[in-house]
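Undergrad:
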Amino acid sequence: MTLPEWDESLPYALWRAHQVVQRVVTAELESAGVTINQIGILVHLDSEGPRSASELARRFRITPQSASTALQVMAARGWVEAFPHPTHGRVVLHRPTEDGVEAARDAQQRLARVNARLDELLGEDLRAQLVERLEVVDRTLGGPRDDER
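For the sequence shown, our numbering gives the first residue as 7, with consecutive numbering after it.
1) Considering Cα atoms alone, identify which of L140, G149, E138, R119 is closest to E34.
2) Closest to L147 by CA distance: which of E36, V31, D13, P17 is it?
3) Going by C-alpha distance, which of A38, A76, R22, P10 is nearest S60?
4) Is it the case that the Cβ atoms of V30 and R96 are separated by a distance below 9 Å?
5) Please report how far the alpha carbon of L127 lies from the alpha carbon of V79, in whole angstroms.
6) Among residues of its own chain, excluding the 5 on either side of R57, which ones have a beta-carbon nearer than 8 Å to its beta-carbon?
7) In the structure shown, what three-state DSSP assignment does L48 receive?
Structure follows, in structure tokens:
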């Protein structure tokens, strides 16, 4: 088996692309005062309903501390509210407020601009194929997420 040169390997190319896209996304979201973790959580809470911090951490493959920090920051901004789980006394659920839904929609519009730039670079069909294949990599190497079990 011949090993590819490091700078010609898929892991290296993915890492480099990740670094660039993350910088572009961060810059786009920075002016809205939201992070990628926060937007992901807000959108998920808006579309899927209330969740605990631990459920969100598993869903987004982030640490429980990162999920809790994001929720604390968003609660301080009035974007999410916490309430007790109806049957599990020690579990706290979170849901977006109207301001949180508005912030999520604004951030989604900003991310749509990044997506449009990628469509221009790659073409819409190739971008969609890449997303599909990367989801396979995520599920195969990362295992099923909480929402896929």
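Even glycine gets a Cβ: it sits at the ideal position worked out from N, Cα and C.
TA: The short version:
1) Mapped onto the sequence shown, residue 34 falls at position 28. If we check each option's Cα against that of E34, R119 comes out closest.
2) Sequence index remark: in the sequence shown, residue 147 carries index 141 (1-based). Of the candidates E36, V31, D13, P17, the one whose C-alpha sits nearest the C-alpha of L147 is P17.
3) For this step, residue 60 is matched to residue 54 along the sequence shown. Out of A38, A76, R22, P10, A76 has the C-alpha closest to the C-alpha of S60.
4) For the purposes of this step, residue 30 is taken as the residue at position 24 of the sequence shown. For the purposes of this step, residue 96 is taken as the residue at position 90 of the sequence shown. Their beta carbons are not under 9 Å apart, which means V30 does not touch R96 by this criterion.
5) Counted from its first residue, the sequence shown places residue 127 at position 121. Counted from its first residue, the sequence shown places residue 79 at position 73. If you draw a straight line from the Cα of L127 to the Cα of V79, it is about 35 Å long.
6) Looking up residue 57 in the sequence shown gives position 51. Same-chain partners within the cutoff: H50, L51, R65, L99, H100.
7) The residue labelled residue 48 in the question sits at position 42 within the sequence shown. DSSP places L48 in helix when its eight states are reduced to three.
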